[in-house]
Every structure is written in structure tokens, then in C-alpha cells.
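Residue numbers (my numbering), protein chains in the order written: chain A, 542 to 721; chain C, 2 to 808. Using N, Cα and C, we set each Cβ at its ideal position, and we do this for glycine too. See structure below.
Shown next as C-alpha cells:
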């Protein structure tokens, strides 16, 4: 069997320079989207690569950035769900919810406004709330290492993280004027 | 209702996923990768992006395999053992099922091997065959840690069908001359004919042969592994007398686990008595479990029926040998008689952790012996049904015991120590013991609440006074307090990579702490808290190392030679949030300026730094993130220094006791709206109007020994601070019976200190008795409550604690 070649792909897809431009314009938003669906970083990167490859083959005309971004998200979501299909209907529901949220709150600006609100809210945290965010998310410690570092039990860290997330969510809602 | 709960759960999970991305981005942990180059490269090779789907089709075949596997399983107990194992602190079979949690690079496709870095040190081959091992050995000859795993049990959702290497892979493994850890897990097609290839591994320290089966004939290579220190052989269904003899000939072994293996009669264990350096021994569930077998070919090596575990193969007291250095012994599900406590106490003087789970004959007499073991810190007695109320008192009275485990199994309908009552748990918690327990449902909530109440006890450090004690500490100890130890201890401690908190208090002539010791501590990636006290040989230039402890969040130094130059390095410790310097006269204004550059500081204690003047202290105003500041006992704390703090509006606690500022200086507090605790004691300059500058948010206020105040202060205190819960006005002659009447009318006041207020008379007794909000009052050194009145108060106001006389 012969390998597919660039020449074979080229007539029905953006040229490689066009593809490069498209990737550069959309990869940040796509990355955030796939991560927010629940893909771990390594899987998100795989999905993102595959998404652009699919786009190269299937996007036949330039429909503008908004439409391209929507196509990429739809493709990425599809690819992600394929990787997760063994996890059943529940995973689909979770992805559906995450997708809906992205569409309503983040699609227009790749989540920048929401992230800005989050940054401001994180800055208001102090004490253990701030510490747990830094250690768990910033230092990428797992729950047990975070617990050890903070002198807490693992379940305590879990509860604290839940509270912090709820706090941040409320804070973001306030900052965005109840849009969240 | 159920639907609403499910919806909430889903929303929580979506939120968790969103924050998992967003907070990693916000904290700078992660950023979007630039995939441009890699996508273009893949496009150039003709990839379409939809190929991955094809990779997932074999999963359907796995389902068929799984069905066959299930039919072949003799019992699920082996798997149960795997699930139970993570409760242990050392490596466990379960670890293999979640390799991504560790640092091993997982390789699940042979196609990835040619692109691995040639200098790769650690890798897990997952479901790969002999050819993959050969390719890996050729590609990565510098491997130091290799795990080869076949997912015959506990497989992950994304696992391909299990593939096992065979004996043919061993020449390649034997060629990895730098290997120090080799884990072969569930590779059930290995029959052991070429295990001798491992003798070519001169550096191999840890060998794990788990979840597959090797008998004595195949294990004869073990004594010829020159560096072997740790041998883990769980769930080996062919372990026999000859195998034990081979293990017993491994003179250098320090750590041995045979958990869940087949076992042999007691006399067969005698060769293990040669292992005089053994520190950790796991003999749990020997001869007591079976496990499933993966495929037909492997199954052929076993009898068709369920293999019989002869009762004499269970571990009993007679199987135990003298291991003088033993610190951890696991005897779960063994046939220990009640008198085993006496035997263990006599034979293992250094034992720190003992697991007797599911030893059904162990009883209160056993516990009575065990609590007499001076070295014992952790005792696990889940499933010891004959242990009861008498043991609780014994365990509570034990001074050395730290942790008692009554069972934490939370799956499969297990009920852990159902006899244990909350009252008994509280007895143990009160005595300072950590209780590990996943209780029956009816006690779960209350148990959690009790643990929260006593949580501070769990954070205690392990105190050590010798190198030997450090060596004996289990790996999971994260907080260590050293006394009279120095560089030698630091060198040992630097290898404990999970160390979170360390105290080095006093060194000794035999072991001084110097810069070399501090430099060694740099190797501790998680060291978050360090306390250095009374270390005579530490020179100022050595202390520059402190700035290189990048993970440090808390630093406390007492009576060491810290100078300006050493402090100049401190801003390099970017994680530093809490700093306490006490009894250190050797630094000056430049040192304080360096502290002021530690932008992440949240808590700072510079009490009694009498060498600092107002100019020096004023630089601290740059620390605007401070939430707690202690400048007590500083004569340099004058108005100029205090005013410089006016922008530190995040302060919640401020201690300015014995400062030399005036009421004017307190204007600095005007914007500190988060201030909750304020100490202005010992300042004769302050007059009542000074309180007008104190934020109304204050909940605890101390104005002891403020002789410039007068009765007018009382009304201000009462009316200005609606949240005031605790007030200290001790040692003030202006506090009279009338003043006290005004003070106790403060709406939120619960705790009041009026000790040594000489103007108070017994007329105040009625005032105190009728102050219904009060929960605590200190009247020591006053005449306002007589002994008889105290007795009367205890009857009338049992909730009110009165201190009226201190020895």
C-alpha cells in the first residue's frame, strides 16, 4: 500500500501555509475548549493535532474565523468523545454540559474574559484556599502530596478544593454580573 | 430527588474539569502548546487525524478476552488484595495499575520505542512482547528503572488486551547494565528459565516479581544479584521451600514482601533468619489467597482445580525469625496466637509498625504486650475480633504509639471494626493517637467531626536524637524534628524526598550543622517548612543557602548567626510565605530591606529585634500582602515605622506590643479593614482617643499595661467594636469596678482578662456573674472574686471559666 502524500491531500484542503496560519489563530481557543471538556493535557494535545488534520482535509473554503472555530470545536468534541466512548452516556452528558457552557460564555473570546475574572478572584484568595490552589494546580501536586504539604488529610484537601471551586465560581459570577 | 442529585453531581464534575484547565493556566502551570510544527509534519506524512479511531477497535476483542479471563479466575481474592494494597506506605502491586501516577514514562505501543530519548532513565512497557523489550534495550541502554506490565487484572479502560513477555525477553533485560529497579508485573508467560540473565545487572537494588509464579528452581539466581536490597514478590503461587532458601541467601536484603504468596510450613522459613539486615517484612496473607490466571496457556501450568493452600502454609509465630533491625512487620491474615505480642516484644526491639489485620486470635492480652514496645508507633488491628474495650484503655495510655488503624477498607461491603464506638475513638484521639478508620455508615459523619476536632494532633513531627533513629523512620514520615544533630543527619534527611517539615534544634559537638548540611537539604523537593534553632557552628555565609531552598514556604530561625548578607539571599526563596526571626541580633537595616523584598510573605515575625530602628522597620511597609505581623518588643516601632505600614491593608493580626509609637501613629491602622487581632500592650503613650484609629473590625484587642489610658477607654471599647470577642486590659489601675461594668457590656465579649487590675474590688463579682455572654474571665491578682464566690459561680454559671489564682 502506498502512503498518502501531500499532493493527494492538497487539492481538497488548505495549503500547508494556510494550515499553519489556521493553527496559529485557533490553537489557543481550541486547547482551552478541549481542556475544559475534561481532556487531560496530553490527550488534549493529541485531540487538537487530530482536529487540525481533519480540518485540513475537510475544510474546503474559508468561512471566516467564527465558523472555522465552531467547526474545530465540533470536530474536537467528536474526537474526544470517541476516545472516551467506553465511558458511556454519562461522559457524553458531561461533555454536552461543558460544550454548552463554552458556547455561552467563552466561545466569543476564547475564554479570555472568564479567565480574567478567574485571575482576579484567585488573587483575592488567602490562607489555605490560596495555598491549596497553588499546590494542587500551580505545583501540580496530586491530592495526597498536597495533603502532605499542607498537613491535611487527603479527604480534607478534596473538600477544601470543592469549597474553593465553589467560591471562585461565585466570585466569577459576581464579577461577570451574573452571566456565569 | 435522585435526578436532582445526579444533575448536581454532573455540574460539579463539569466545574471541576473547567477549573482543572483554568487554574492550571492561571497559576502558570500550563499553557497551550504550539502544535503547528507537529501538525504540519503529520500532514506531510499523509495522516488524516481520524486514524486513532482504528486504534480503539481492538477493545471489542478485549471484551471476549475478558470473558475467558473471568472464567479462568479461581477467586477474586487476589484482586481484592491488590485493591487493598494502596493503604500501605511502601510499593504495592496496585501501583502498577496506575503507572501514570508515578514518574515512569508509559510506553503502550512498540511504535513509540524508536522515538524515545536514548538517555531515558525510567519507563513502563505496558502490554508489550519480547520484541518490544529487545527494541527498548537497544534504544535506551541507560535505563535505570524498568517496569514491564501485562494488564491481566485491574486493567485500565484504555488498555489493549494483556500481552506478556516470555523468557526470551531476559537477555535484553540483562543487557541494561545501569538498571537499579526492575518490576515485572503479571507477566504470566514468564516461566523463569532465563532469570539468570538478571545476574548481569550489577546495580539492581529493587526487584519486583509480582502476580506471576516462580518456584525455587527459578529463584536460584537471587543470591547472585550483588546489589539487591529490596525484593517484592507478591501473589507468587509457586513460592516454596527452595524459593525461601534462595531468598534467605540474599544477605543484603533490607526490604522483603511476599504478600499473598503460596507459603510453606514454618520450618521452611528458617533460612530467612539469615537476613539480619532486614528492615521491612511483609508476610500478609501468605497461603491465604488465590488469584486469577490470565490465559489458557498459563492456566495449563496449574492444576485444573482450585489449588489447595495447606493450613500449615499460613504464617504462624513459629515461622518468624530473629531480625534485630526490623522496623516494619506485616502479618495480616496470619495464624498468630494471642501470645504473639510477647514474642514480638522480645524479638523486635526496633519495631515501629506492626500489621495484625485479620489475625482473628489476637486479643486484649496481645495488645497488653504490644503497648509495652517502646519503639512501636503504628499498630493495625482491623478484623481482630477479640480485641475490645480493655485494649482501648491500654492503647490510650501508651505514650509511644501514634497511629492505630482499625480498618480503612471502603469498598465491597466491608465493615471495619464494627465494635468500635465513638466514645472509644474519642478516648484515643484525646490521648493523642491518630485513629485510621473507615467506620460503618452510622458513625461516619461523627467520626469525621471528631477527627477534625483533634486534627492538630495529627501533624506532630517525629522527634529524633540519633542517626539510627532517622534510619529507622519509615519512608512516609513527612515531618521530622531533630535534636542535637547536624550535617550527618542532614545528609541522611536529604534522601527523604517526601520530607515536608524539618526542625533542626541544637546540634552537638559530635555532629555540627554547617553549610554543607544546609546545602544537602536543597535536594528535598517538597521541603516547605524549616526551623533552625541554636546552631552554633552555622556561619553567616552558610546561611545564604536558605535562599536556595526553593520549595520553602515557612522559615523560622532562632538564635543563629543570620546577618544582612545571608538575608540578602532570602528573596530568592520565591515560595516563602512565613518568616520568623527571633533572638537574632546580628542583622540590621539591610537585612530588613532584604526581607521586604520577599514579595510573597504573608506572615512575618520580627519580635524583639531591638537592634532595629524606626528607619529600618519602616521598609517593611513594602510587604503589602502581609496578613500577620509581629513586631512586639521592638523599641524601634515608633510612629514613623508604624505609619509605613498603612498600605498593608491585608493585615489580620498585628502585634505592636511594647512599641514606642503614639496615638498619632495608630492612624496607620485606618485602612486595615481586615484587622481582627491587635495587640497594643505595654505602651504608655497611648490615650483613649487612640482607639478611634483602630478599625471596628477588631475581634481581639489587647491593651494590657497601657497606663496612659483611662476610664474613657471603656465606653469606646464597648461602643466601637461590635465584633470584639476577647479583651485584655490586664495590669491597668484605671480598670475599676465601674469600668468593668462598662466593658462587659460590649455586645460580643466572651473572654476578658483583667488580671492584676488592682482597683477592682469584690463589687465586681456581681458584674461578672451577671455578664451572661462571658465564657472566660481571668481575675488573677485581683480581689474581685473570692474562693467562696468562685465555688458559687461554678454552680450558677457552669459555662463560665474563671481563673483567679495562678501558681
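Distance check for residue j and residue i, CA to CA, integer angstroms please.
i	j	result
residue 803(C)	residue 718(C)	22 Å
residue 479(C)	residue 256(C)	20 Å
residue 693(A)	residue 193(C)	45 Å
residue 13(C)	residue 610(A)	27 Å
residue 222(C)	residue 20(C)	52 Å
residue 678(C)	residue 670(C)	12 Å
residue 574(C)	residue 381(C)	40 Å
residue 65(C)	residue 287(C)	Here residue 65(C) scores only 31 on pLDDT, less than 50, and its place in the model is too uncertain to base an answer on.
residue 551(C)	residue 523(C)	8 Å
residue 408(C)	residue 331(C)	14 Å
residue 712(A)	residue 704(A)	12 Å
residue 805(C)	residue 587(C)	41 Å
residue 1(C)	residue 248(C)	The structure shown does not extend to residue 1(C), since chain C is modelled only from 2 to 808, so the question has no answer here.
residue 371(C)	residue 273(C)	23 Å
residue 178(C)	residue 225(C)	15 Å
Hey, does residue i have any beta-carbon neighbour from chain C nearer than 8 Å?
i	result
residue 560(A)	yes
residue 653(A)	no
residue 606(A)	no
residue 612(A)	no
residue 565(A)	yes
residue 578(A)	yes
residue 710(A)	yes
residue 568(A)	yes
residue 590(A)	yes
residue 572(A)	yes
residue 679(A)	yes
residue 714(A)	no
residue 593(A)	yes
Going by other Cβ atoms of all chains shown within 10 Å of its Cβ, with 16 needed for buried, is residue i buried or exposed?
i	result
residue 627(A)	exposed
residue 446(C)	exposed
residue 644(A)	exposed
residue 689(C)	buried
residue 809(C)	What the structure shows of chain C is the stretch from 2 to 808, and residue 809(C) is not part of that stretch, so it cannot be assessed.
residue 420(C)	exposed
residue 412(C)	exposed
residue 693(C)	exposed
residue 401(C)	exposed
residue 609(C)	buried
residue 795(C)	exposed
Does the CB of residue i have a neighbour CB from chain A at under 8 Å?
i	result
residue 529(C)	yes
residue 41(C)	yes
residue 44(C)	yes
residue 324(C)	no
residue 34(C)	yes
residue 427(C)	no
residue 501(C)	yes
residue 18(C)	yes
residue 22(C)	yes
residue 590(C)	no
residue 225(C)	no
residue 92(C)	A caution first: residue 92(C) carries a pLDDT of 30, below 50, which makes its placement in the model too unreliable to give a value.
Taking C-alpha atoms, which residue in the options lies nearest to residue i?
i	options	result
residue 575(A)	614(A), 670(A) and 695(A)	614(A)
residue 352(C)	361(C), 339(C) and 325(C)	325(C)
residue 616(A)	659(A), 714(A), 585(A) and 665(A)	585(A)
residue 244(C)	651(C), 225(C) and 215(C)	215(C)
residue 124(C)	183(C), 176(C), 175(C) and 162(C)	183(C)
residue 683(C)	672(C), 721(C) and 732(C)	732(C)
residue 695(A)	701(A), 685(A) and 702(A)	685(A)
Closer than 7 Å: is that where the CB of residue i sits relative to any heavy atom of the ligand HEM?
i	result
residue 571(C)	For the structure depicted, the ligand HEM is absent and the ligand set is empty, with no information on it obtainable.
For residue i, go through chain E and note every residue whose CB falls closer than 9 Å to its CB, in chain order.
i	result
residue 438(C)	Absent from the structure: chain E. Protein chains present are A and C.
Per the contact definition of three or more C-beta pairs closer than 8 Å, is the region 622-640 of chain A in contact with the region 649-657 of chain A?
-> The region 622-640 of chain A and the region 649-657 of chain A do not touch, with fewer than three beta-carbon pairs separated by less than 8 Å.
Three or more C-beta pairs below 8 Å linking the region 19-35 of chain C and the region 677-687 of chain A | Enough Cβ pairs lie closer than 8 Å, so yes.
How about the region 340-352 of chain C and the region 390-404 of chain C: do they share at least three Cβ pairs that are nearer than 8 Å?
-> These segments do not touch.
Three or more C-beta pairs closer than 8 Å, one from the region 721-741 of chain C and one from the region 697-713 of chain C: is that the case here?
-> In this structure the region 721-741 of chain C lies against the region 697-713 of chain C, because at least three pairs of beta carbons, one per stretch, are closer than 8 Å.
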